[in-house]
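What follows is a set of notes on a single structure, which appears directly below.
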Amino acid sequence: MASKFTRSNRTGFLMAGPAVFLIGCFVILPFLFAIAFSFTNQRLMSPNPTEWVGLSNYEALLGLGTLTLEPEKDATGAVVMEDGEPKFPATRSFTRGNPDYPQLAGMREWFSFDHGGSRTFVLARDVVFMTAVVNTFLFVIIVAPVQAGIALGLALLINQRLRGINVFRAIYFMPVVVSIVVVSLLWRLIYDGQSGLLNNLLSAVSFGMIPQIDWLGNPDTALGAIIGMSIWQAVGFHMVIWLSGLQTISPTLYEAAAIEGASKTQVFRYITWPGLRNTAVLILIVITMQAFGLFAQIDVMTNGGPLDSTQTIVFQAVERGYVKKDISGGSAISVVLFVIVLSISLIQRWLTREKS
Amino acid sequence: MKVWKFAASAAILSWASMAQATETLTMWYHGAGNEVESKIINQIITDFNASQTDWKVELQSFPQAAYNDSVQAGALAGNLPDILDVDGPNMPNWAWAGYMQPLQIDEAKIANFLPGTKGIWDGKLYSIGLWDAAIALTTRKSTIEELGLRMPTTDAPWTKDEFMDALAKAKAAGKWEFALDLGTAWTGEWYPYAFSPFLQSFGGDIVDRSTYQTAEGALNGEAALAFGNWWQGLFKDGYAQATQDPADRDSGFAAGKYAFSWNGNWAALGALKAFDDVVFLPAPDMGAGSKIGAASWQFGVSATSKHPEGASAFIEFALQDKYLADFSNGIGLIPATPTAAEMVDNYKAGGPLAVFVEYSAKSGTVRPVTPGYVVQAKVFEKAAADIANGADVAATLDAAVDEINADIEKNKGYGH
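Just so you know, the sequences run in chain order L and R. Its first residue numbered 1, the first sequence is counted upward by one per residue in UniProt numbering. Its first residue numbered 1, the second sequence is counted upward by one per residue in UniProt numbering.
Structure, rendered in structure tokens:
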């Protein structure tokens, strides 16, 4: 005879079944495949058999090296100057076919810093990926607090009993409903360097003082432009979550506060914010994870350019795995991303844990 | 009685063989959404199906942007059609990956086809095109006269100095927003198709074609560095835009924004409509000859086709001059044979676009014929875009070489 546990759970398993099956097929299985592929030389299409290659995909992705060089000196021993700066030998002569530096072969300069007259070059085997990692972190670090903050502000604004408040709720939520691809296409027009809406607007309010900026074509502004539109696009979604959090706070607390004569800041500080604690944790984790997955905007608007200023981890994973048909390389990037997001989520969980 | 029996069995036999006879061949084509193109291809299929009883071709059209992905997915799922069309430079990859099989077409039938229309990999003909495409330096006769330039010819194209002189004069004239419209707005295959011939004209290449095993020396040698510096100069000196508004690409030349436009024969009719003195100049010779890209979409047979002879028969049927002429009349492409060109007003001797046939025949250079091209094209595109945006030339080309070489190595030499 079946125990009560299995009997009452049978229905549960049955109900969860379809979802578990689909998630297993389309999330868990591909995930396991990705881990396995990252240790092979699997291609998207190739007549060659797949081979186990150990960690070489990760080495090619994450390999770093340093090279410290003294400035070039002329015959008299004086430092050679070029454009007002000391001239250093080209790193190219160390990283290409130099038998004295076999460990640097195939590396490229990522960045460099000066100290005491000499200059240390940090070389990476895959500079594009490193740039993508830095860009993605920059994106997350800016988007997570700013988007959460604006969303909270909007939620507080629309959490009022006013005539027609639903119109505002709908307006703020609208960008979330529209496909990100469509939104990206529209923003590409808005950011257009010559006749874009943003440029026209800026030039109108500044009476032509602000010059035309090619927002997506300039390495200095491209990532910022994408950050701006990304925040705008998803802010409505997080606003709704904040709103649901706000509405779980008991009105009696606010009534009590009103009777006690608390100021608006005090009400927020001592009632609203503590009541939103769990919501805040959720929103922070959700935004962080979504921000790490930045892809569609890049794919539609910039393709990672100009000069790699908008490369991101997921864009690189797709670019390699699918466009360049290197499934193993793309898988390795996905695994690295997984490890990054997992560690950050764990850290966030630990930082926001209930302290007893 | 005996006769009766014989007749009956003959009837049954013939019925059975008839049922067996008409085999359906499936075909995929990249031109969905283009009405004229669909009409022509449907006409060929209808004619072919009516011309014999062995085969019946059924067409399925895809939008061009999704076509390659569909073929890839179809191949992975073991679901390819009998006949497919393929963009010329992608063919070696598909043949190598085992998507395609050699055509069974009489070589004599395609003897007079333009070289760029023949897809040859590993010594065998895998695909054949009904048309080719070509690029020319589009400008106006009045512009050349105004700037006091020599009119270049196929035999004596502009040298690099003459070309740069033309750009400098056009810029100095101040009449145009930019001297040169390169079409940088068209990301994707346009970059290797339109810009790698410049590199080849300098004497470099995307990959060393003697072995196809390395790009070292070809893409970062002296010629390639000279190309890179020249390329970067075009943007640094303000002759062309590194990032271009797609609308300017489509209508900028006609609107008088550019003095010269580096554009294909498909855009030629629009240019002719805009100005009455449009001329199509040959590509400048940077030192190693005047070069333009060759090879457009071509037809081939999938490896999994059960009836390759039927698929080949259809392709052979489509190679008739009248269909070549139809495509050319319909969508402005260069007919693959001189005889078909004579049937097209634009391309016949003395026609407004006849020079394109000449350029295609004389300067047309196929992109590297290697399965690795699909990756090399992407690497070249990024390098060209980065250099245009101001990246260090030598470092960028080195990185491109490393990436191409790593890919070749990972694919065990791509079967060369």
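Ideal placement from N, C-alpha and C gives every residue a C-beta, glycine not left out. The model shown is predicted, which means the values in this text are computed figures rather than measured ones.
So is residue 360 of chain R buried or exposed if we call it buried at 16+ other beta carbons inside 10 Å?
With 16 or more Cβ atoms within 10 Å of its Cβ, residue 360 of chain R is classed as buried.
Using a Cβ-Cβ cutoff of less than 7 Å, which residues in the same chain neighbour residue 291 of chain R once the five nearest sequence positions on both sides are dropped?
Taking C-beta separations shorter than 7 Å and ignoring five residues to either side along the sequence, the partners of residue 291 of chain R in its chain run 197, 200, 201, 283, 363 and 365, following chain order.
Does the distance between the C-beta of residue 123 of chain R and the nearest non-hydrogen atom of the ligand COA fall short of 7 Å?
The ligand COA is absent from the structure shown, which contains no ligand whatsoever.
If you count every other CB in all the chains shown that lies within 10 Å of the CB of residue 356 of chain R, and 16 or more means buried, which is it?
That one is buried.
Are the C-beta atoms of residue 134 of chain L and some chain R residue less than 8 Å apart?
Residue 134 of chain L does not count as touching chain R.
With distances taken from CA atoms, which of R/44, R/77, R/30 and R/50 is nearest residue 304 of chain R?
Residue 304 of chain R has its Cα closest to that of R/77, out of R/44, R/77, R/30 and R/50.
Nearest by alpha-carbon distance to residue 237 of chain R: which of R/180, R/226 and R/116 is it?
Its Cα nearest to that of residue 237 of chain R, the residue R/180 stands out among R/180, R/226 and R/116.
Return the first residue and the last residue of the alpha helix (DSSP H) that residue 67 of chain R is part of.
That run of the alpha helix (DSSP H) goes 64-76.
The alpha helix (DSSP H) enclosing residue 224 of chain L, as first and last residue numbers:
Segment 222-248, the alpha helix (DSSP H) holding residue 224 of chain L.
Mind the definition here: the region 324-335 of chain L touches the region 48-63 of chain L only if three or more C-beta pairs lie below 8 Å; say whether that holds.
At 8 Å Cβ cutoff, the stretches touch.
Residues of the region 294-322 of chain L with a CB closer than 7 Å to any CB of chain R: list them in chain order, please.
For the region 294-322 of chain L, the beta-carbon criterion of a distance under 7 Å to any beta-carbon of chain R is satisfied by 303, 305, 306 and 307.
Name the two residues that bound the continuous beta strand (DSSP E) containing residue 140 of chain R.
Note, residue 140 of chain R: beta strand (DSSP E), 135-140.
Could you give the first and the last residue of the continuous alpha helix (DSSP H) run that contains residue 322 of chain R?
Run containing residue 322 of chain R: 321-331, per the alpha helix (DSSP H) assignment.
Taking 8 Å as the threshold (beta carbon to beta carbon), is residue 375 of chain R in contact with chain L?
True, the Cβ-Cβ gap to chain L drops below 8 Å.
Could you check the C-alpha separation between residue 258 of chain R and residue 75 of chain R for me, to the nearest Å?
The alpha-carbon separation between residue 258 of chain R and residue 75 of chain R amounts to approximately 44 Å.
According to DSSP, which residues form a beta bridge with residue 439 of chain R?
Nothing in the structure corresponds to residue 439 of chain R, since chain R is present only between 1 and 416.
How is residue 177 of chain R classed by DSSP in three states: helix, strand or coil?
Looking at residue 177 of chain R - three-state DSSP - the assignment turns out to be coil, as it is neither helix nor strand.
So which residues on chain L does residue 378 of chain R lean against when the C-beta distance must stay under 9 Å?
The answer, in chain order, is 319, 323 and 324.
Cβ pair residue 139 of chain L, residue 294 of chain L closer than 8 Å
Yes, they are a contact pair.
Less than 8 Å between the C-beta atoms of residue 293 of chain R and residue 41 of chain R, yes or no?
Contact: no.
CB-CB under 8 Å to residue 402 of chain R, same chain, minus the five flanking residues each way: which ones, in chain order?
Answer for residue 402 of chain R: no residue qualifies.
Hey, how far is the Cα of residue 195 of chain R from the Cα of residue 23 of chain R?
Here the C-alpha atom of residue 195 of chain R lies approximately 44 Å from the C-alpha atom of residue 23 of chain R.
Taking only beta-carbon positions, decide if residue 187 of chain R is within less than 8 Å of chain L.
Between residue 187 of chain R and chain L, the shortest Cβ-Cβ separation is below 8 Å.
Can you tell me where the beta strand (DSSP E) with residue 121 of chain R in it begins and where it stops?
Here the beta strand (DSSP E) through residue 121 of chain R covers 118-121.
Do three or more CB pairs link the region 181-188 of chain R to the region 248-262 of chain R at distances below 8 Å?
A contact exists between the region 181-188 of chain R and the region 248-262 of chain R.
Below 8 Å between beta carbons: does that hold for residue 71 of chain R and residue 99 of chain R?
Yes, Cβ-Cβ distance for residue 71 of chain R and residue 99 of chain R is below 8 Å.
Which chain L residues are close to residue 419 of chain R, counting only those with a beta carbon under 9 Å from its beta carbon?
As displayed, chain R neither begins before 1 nor continues past 416, which places residue 419 of chain R out of reach and without an answer.
Does the contact criterion of 3 or more C-beta pairs under 8 Å hold for the region 171-181 of chain L versus the region 295-314 of chain L?
These segments touch.
Taking Cβ to Cβ, would you say residue 95 of chain L is nearer than 8 Å to residue 108 of chain L?
Yes, Cβ-Cβ distance for residue 95 of chain L and residue 108 of chain L is below 8 Å.
Alpha carbon of residue 158 of chain L to alpha carbon of residue 138 of chain R, nearest angstrom
About 58 Å.
Could you work out which residue in L/110, L/161, L/39 and L/255 is closest to residue 391 of chain R when comparing CA atoms only?
Comparing Cα-Cα distances from residue 391 of chain R to each of L/110, L/161, L/39 and L/255, the minimum goes to L/110.
Along the chain, which unbroken stretches of the alpha helix (DSSP H) at least 4 residues long are found entirely within the region 267-309 of chain L?
Within the region 267-309 of chain L, the complete alpha helix (DSSP H) runs of at least 4 residues are 277-292 and 296-301.
Quick one: Cα of residue 335 of chain R to Cα of residue 133 of chain R, how far?
Distance between residue 335 of chain R and residue 133 of chain R, taken at the CA atoms: about 9 Å.
What separation, rounded to the nearest whole angstrom, lies between the Cα atoms of residue 352 of chain L and residue 201 of chain L?
Answer to the nearest angstrom: the Cα atoms are 42 Å apart.
With 8 Å as the threshold, decide whether the Cβ of residue 45 of chain L is near any Cβ in chain R.
Taking 8 Å as the CB threshold, residue 45 of chain L lines the interface with chain R.
Below 8 Å on C-beta distance, what does residue 193 of chain L contact in chain A?
In summary, chain A is missing from the structure at hand, where the protein chains are L and R.
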